[in-house]
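Going line by line, the protein sequences match chains A and B.
Take any residue in the first sequence, count from 1 to its spot, add 1: that is its number in our numbering.
Take any residue in the second sequence, count from 1 to its spot, add 1: that is its number in our numbering.
Glycine included, C-beta positions come from ideal geometry on N, C-alpha and C.
Number of protein chains: 2
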Amino acid sequence: MVQTPYFSAVSMVTLGVADLTRARVFYEALGFTAGPGSSENIVFFQLGALVLALFPRTPLAEDAEVADDGQGFDGVTLAHNYPSEEAVDAAMAHALASGAVLKKKPQKVFWGGYSGYFADPDGHLWEVAYNPFVKVDDHGIVTL
Amino acid sequence: MVQTPYFSAVSMVTLGVADLTRARVFYEALGFTAGPGSSENIVFFQLGALVLALFPRTPLAEDAEVADDGQGFDGVTLAHNYPSEEAVDAAMAHALASGAVLKKKPQKVFWGGYSGYFADPDGHLWEVAYNPFVKVDDHGIVTL
């Protein structure tokens with residue numbers, strides 16, 4: 002194994018989007034504030050220790066030198082964790098009022114929690130969940 | 002707008018994988034340590050304030066009640082940021098030694114940084130980058 006300090010962190014998650022303005026409007030309605038470096042070409046949100054970026058899908062694929070040929074299920078989900086079922090319901094209502102598309106109504110799920118899913122305007126999936134088995138702090142940060 | 006405390010945090014990113022053991026072996030080789038709750042059905046890594054989860058792709062799609070019909074480019078990239086070009090090269094060498102697939106050799110890029118991409122065993126894309134315009138702390142956390 003190569004000796005190198007390999008950071009145990011995900012510093013940024015970038016979502017490829019079809020319409021940057023539409024995506025920015027959605028995430029701002031959700032409550033995120035665009036940070037320094039945001040422009041008509043890219044948008045950054047500082048979410049605690051993570052940066053969520055929005056970038057047009059085609060140049061994102063080009064940047065990674067992969068074909069922009071994807072469709073269907075991403076194979077990736079992002080999640081917000083909440084401290085109660087009621088908080089999940091309220092958060093989902095807020096997301097839908099912000100223009101999210103309901104994919105799964107919040108409900109009790111097989112693993113013992115309560116969760117639902119919404120899609121952003123590009124179909125990226127967000128889970129909104131209450132998990133009785135993990136700690137969630139006042140900022141929504143989960144500790145295993 | 003519904004009044005609700007909507008957390009400005011991403012608490013978890015879940016990657017859908019075809020072979021959970023293969024994916025776990027890869028991320029452990031990369032240097033991540035599986036945390037509490039990990040089993041033969043799901044794997045969790047606590048990465049600072051974020052939890053990265055690995056979950057078989059088909060039940061992940063079922064959990065979100067979406068069709069498991071995706072292929073090609075995810076439309077999502079995850080990133081590690083490093084403090085120098087040399088650190089990017091070392092991190093990429095480490096990832097490749099861990100079984101990652103090189104998608105883009107680290108190089109100077111149009112936005113003024115230095116970056117490359119690798120794919121995990123399921124094709125999920127990770128960027129390894131040096132960005133001279135952002136601060137990176139000793140844990141790889143970026144502040145805009």
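Contact with chain B by residue i, beta-carbon distance below 8 Å
| i | result |
| --- | --- |
| residue 21 (chain A) | no |
| residue 49 (chain A) | yes |
| residue 115 (chain A) | no |
| residue 2 (chain A) | Note that residue 2 (chain A) scores 37 on pLDDT, short of 50, meaning its location in the model is unreliable and no value can be drawn from it. |
| residue 109 (chain A) | no |
| residue 55 (chain A) | no |
| residue 118 (chain A) | yes |
| residue 136 (chain A) | no |
| residue 70 (chain A) | yes |
| residue 147 (chain A) | The question about residue 147 (chain A) has no answer, for chain A in this structure spans 2 to 145. |
| residue 77 (chain A) | yes |
| residue 121 (chain A) | no |
Residue environment, residue i, which counts as buried when at least 16 other CB atoms sit within 10 Å
| i | result |
| --- | --- |
| residue 95 (chain A) | buried |
| residue 37 (chain B) | exposed |
| residue 80 (chain B) | buried |
| residue 82 (chain B) | buried |
| residue 8 (chain B) | buried |
| residue 16 (chain A) | buried |
| residue 64 (chain A) | buried |
| residue 105 (chain B) | buried |
| residue 85 (chain B) | exposed |
| residue 128 (chain B) | buried |
| residue 24 (chain A) | buried |
| residue 75 (chain A) | buried |
| residue 113 (chain B) | exposed |
| residue 40 (chain A) | exposed |
Coarse secondary structure for residue i, derived from DSSP in three states
| i | result |
| --- | --- |
| residue 27 (chain B) | helix |
| residue 1 (chain B) | Because residue 1 (chain B) is not part of the residues shown, which for chain B are 2 to 145, the question remains open. |
| residue 91 (chain B) | helix |
| residue 78 (chain B) | strand |
| residue 17 (chain A) | strand |
| residue 65 (chain A) | helix |
| residue 35 (chain B) | strand |
| residue 96 (chain A) | helix |
| residue 4 (chain A) | Its pLDDT being 42, under 50, residue 4 (chain A) is placed unreliably in this model, and the coordinates cannot settle the point. |
| residue 11 (chain A) | coil |
Start-to-end residues for the alpha helix (DSSP H) that takes in residue i
| i | result |
| --- | --- |
| residue 54 (chain B) | Residue 54 (chain B) -> not in any alpha helix (DSSP H); beta strand (DSSP E) instead, spanning 51–57. |
is_contact[residue i, chain A] using C-beta, thresh 8 Å
| i | result |
| --- | --- |
| residue 25 (chain B) | no |
| residue 65 (chain B) | yes |
| residue 101 (chain B) | no |
| residue 37 (chain B) | yes |
| residue 85 (chain B) | no |
| residue 52 (chain B) | yes |
| residue 1 (chain B) | Residue 1 (chain B) lies beyond the residue range present for chain B, which begins at 2 and ends at 145; the question has no answer from this structure. |
| residue 143 (chain B) | yes |
Residue i - containing beta strand (DSSP E), residue span
| i | result |
| --- | --- |
| residue 44 (chain B) | 44–48 |
>> So within the region 100–132 of chain A, which uninterrupted beta strand (DSSP E) runs reach at least 3 residues, ignoring any that extend past its ends?
In response: 102–109, 115–120, 126–131
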